[in-house]
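Below is one structure; the comments refer to it alone.
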Ligand code: BGC
């Protein structure tokens, strides 16, 4: 449809019809009129609004979606199709690693390809848009949603943010039925709740917001994301959903965003609980005036905008503008021509969990796993070794994380299945050891659905079998972890340890004095300080998705090498949080200060550094860095210089190294971070081979928000650091000339 026709359509719509376009409801409302009575009563919405509503979310499957759309179109007088959205975060049926695992790949190209597959599977099943990517910067692992982010760094997150949007939408979203519309979230700064407590206040300086938190959302907008979801939290005292400065001044005016802004789940209503709106009418006014186009899961827009317009408290223009944005997206998706967008059961059969999709899931899983420790080369496991595979995650299919809501768990390859494929049968002994949890109350309200009641006798059996298996083996592979619902939304924690009974299992097994390879399935960095010395190796597996077992087995048996590196620091203790690599310089740094040892910035009872830093991850081979060299010692505005380093594989195996460039701005008009990631590249290097890795540095890379809040670089001295992690690098100085 031409834009002119859309404008005519808008003109022909009643105010009620236009308002209904701004309403986003869950699938239960589109069940039969009788069955949807409960949900309608609960939020106080009429059948008339449902019959004209603009969008539905979290309905799945070509058959169901087609039915919903065709039933809807029979009633919709103007023939405007429903927009069908869903939470498809890192996989539909084929599930890729959780985003924190994808972050550990440091491979945006790979992640883009993964999201192309996600889009293909999702669109085959009738869904037209996803509430993804979630690009909230995260520095506090107490917050459960760190699993949904790619990590603590804005440069790395921005690269993934663009890659994901491009993966979902293609270069430009169009009627091609293989792409889906992307909705970047949660705008803004949801990842910084005070105390790591879910839905808590966010409050930070504008400089930090702009410098660290906003870039990844902007990267999504610049890559064409069609939608933006507001966050639950406050930004400078105003909840994002009613925050005009955020939604108008920054998003629309500064960034030129023209797509749809939608609220997170019931966030319009929460404006009342936040205490910035008196009632639902006030909340509707505040939100639409702030720039919100679509209201998720409430009747705040549906039941109040009409009176607000009719009484002259808001202009009809606001409603028109929002409705037009929604119609435009529908048009871009080609819904007026094909409201089903080519979804079909046949396409689902050919696409979902196809061999190619699974192959990519295995590749992503393998690249996402991080080897944190490997003493005496206990890994890779040699083929003559007998292995005891023990632990609640040793033969578990729940390896997709909390947000893979459509995962096909039957299709998930467990660790045991993966290892059996590679190990001689006689050399693998398996025992569960214990359940994931003993005390399900740690899951709060979800405990009642998920509790497993294992008898004391069975628990004893589990333990006895585990010890027996371990006794027969040369090496113990111990698969422990959080319950998948201990991370994700609503899963903040103050203790970041494994459940006590899992730790007790580890202690029992340590008594046998056999090397233990600890595999960790978690949605966040845990505090591993007490564990590190008890085990020979640690493998951070995150939740690797459908191909988990195959990817992990290949890594453990050395069929492929580890390459993953952390995109979020692992704290030494909970009291250190937030701990992240790009902290600001202090006046009393631990390393160089004229003050006595006591009066410098440090803890009495813990180091300043995290246990495992950002960018860290081991390989089966070793990489040696030569000196950092500059093409020129000084840089002019408008020019570029190159910094390069020779990296040699000094080990015996081929390996992928993620070479990282950090830059420190030595003196600024405001305090600058001790270092900032400014480049990275993944290179494959054969044993004995040397590769020269170069990065371009230009003025643009050195920009920041100055004392005048201008985004620009300031002349002066800089240090470029190139290395294997944020705390291991070679460095060289250069100058930016005035
Ligand atoms: C989450 C969003 C999600 C939405 C819809 C909310 O609770 O914060 O990330 O997209 O629910 O399911």
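Numbering (our numbering), first residue to last: 41 to 778.
No residue lacks a Cβ here, since even glycine has one placed at the ideal position from N, Cα and C.
Relative to the non-hydrogen atoms of the ligand BGC, the Cβ of residue 70 never comes closer than 7 Å to any of them. Contact between the segment 531 to 546 and the segment 561 to 575 is present, with at least three C-beta pairs closer than 8 Å. For residue 732, the three-state secondary structure derived from DSSP is strand. Taking residue 73 as reference, the option from 108, 98, 103, 157 with the minimal CA-CA separation is 108. Short of 8 Å from the beta carbon of residue 168, and not among the five residues preceding or following it, lie these beta carbons of its own chain, in chain order: 123, 124, 125, 220, 221, 373, 375, 381. With respect to residue 559, residue 606 sits apart: the two C-beta atoms are not nearer than 8 Å. The Cβ neighbour count for residue 730, taken over all protein chains shown within 10 Å, is under 16; the residue is labelled exposed.
DSSP links residue 196 through a beta bridge to no other residue. Along the length of the segment 459 to 540, whole alpha helix (DSSP H) runs at least 4 residues long occupy 487 to 490, 496 to 511, reported in chain order.
Within the same chain, and ignoring the five residues on either side of residue 414 in sequence, the residues whose Cβ sits closer than 6 Å to its Cβ are 577, 658. Listed as beta-bridge partners of residue 773 by DSSP are 759.
For residue 633, the three-state secondary structure derived from DSSP is coil. Going by C-alpha positions, residue 326 is about 21 Å away from residue 94. In summary, residue 319 is exposed, with fewer than 16 beta-carbon neighbours lying within 10 Å of its beta-carbon over all protein chains present. Comparing C-alpha distances from residue 515 to each of 358, 468, 188 shows the shortest one belongs to 468. The segment 216 to 236 makes contact with the segment 155 to 162: 3 or more CB pairs, one atom from each, lie closer than 8 Å. Put simply, the backbone Cα of residue 322 is about 21 Å away from that of residue 300.
Out of 728, 664, 509, 541, the CA that lies nearest to the CA of residue 765 is found in 664.
Around the ligand BGC, the residues whose beta-carbon falls short of 5 Å from at least one of its heavy atoms are 127, 171, 304, 305, given in chain order. Looking at the DSSP output, residue 120 sits in no beta bridge, so it has no partner there. In the DSSP secondary-structure assignment, residue 751 is bridged to 745.
DSSP places residue 51 outside any beta strand (DSSP E); the residue lies instead in the alpha helix (DSSP H), whose first and last residues are 43 to 52.
By the criterion of a C-beta distance shorter than 6 Å, residue 265 is surrounded in its chain by 205, 222, 224, once the five residues flanking it on both sides are discounted. Judged by DSSP secondary structure, residue 389 falls within the alpha helix (DSSP H) whose first and last residues are 385 to 391. In this structure the segment 349 to 367 lies against the segment 53 to 66, because at least three pairs of beta carbons, one per stretch, are closer than 8 Å. Secondary structure within the segment 114 to 196: the alpha helix (DSSP H) runs of 4 or more consecutive residues, fully enclosed, are 139 to 143, 148 to 164 (chain order). If you draw a 10 Å sphere on the C-beta of residue 702, you find 16 or more other C-beta atoms in it, and that means buried.
For residue 697, the enclosing beta strand (DSSP E) begins and ends at 695 to 705.
Residue state for residue 682 is assigned as strand, using DSSP reduced to three classes.
Sixteen is the threshold: when 16 or more other Cβ atoms of the shown chains lie within 10 Å of the Cβ of residue 439, as they do, the residue is buried.
Residue 739 holds the alpha-carbon nearest to the alpha-carbon of residue 776 among 739, 242, 747, 762. Nearest to residue 66 by alpha-carbon distance, out of 600, 345, 96, is 96.
Per DSSP, residue 97 lies in no alpha helix (DSSP H) segment; the continuous beta strand (DSSP E) that holds it begins and ends at 95 to 97.
Less than 8 Å separates the beta-carbon of residue 592 from that of residue 581. The beta-carbon distance between residue 767 and residue 668, rounded to whole angstroms, is 16 Å. This is too long to meet the 8 Å contact definition.
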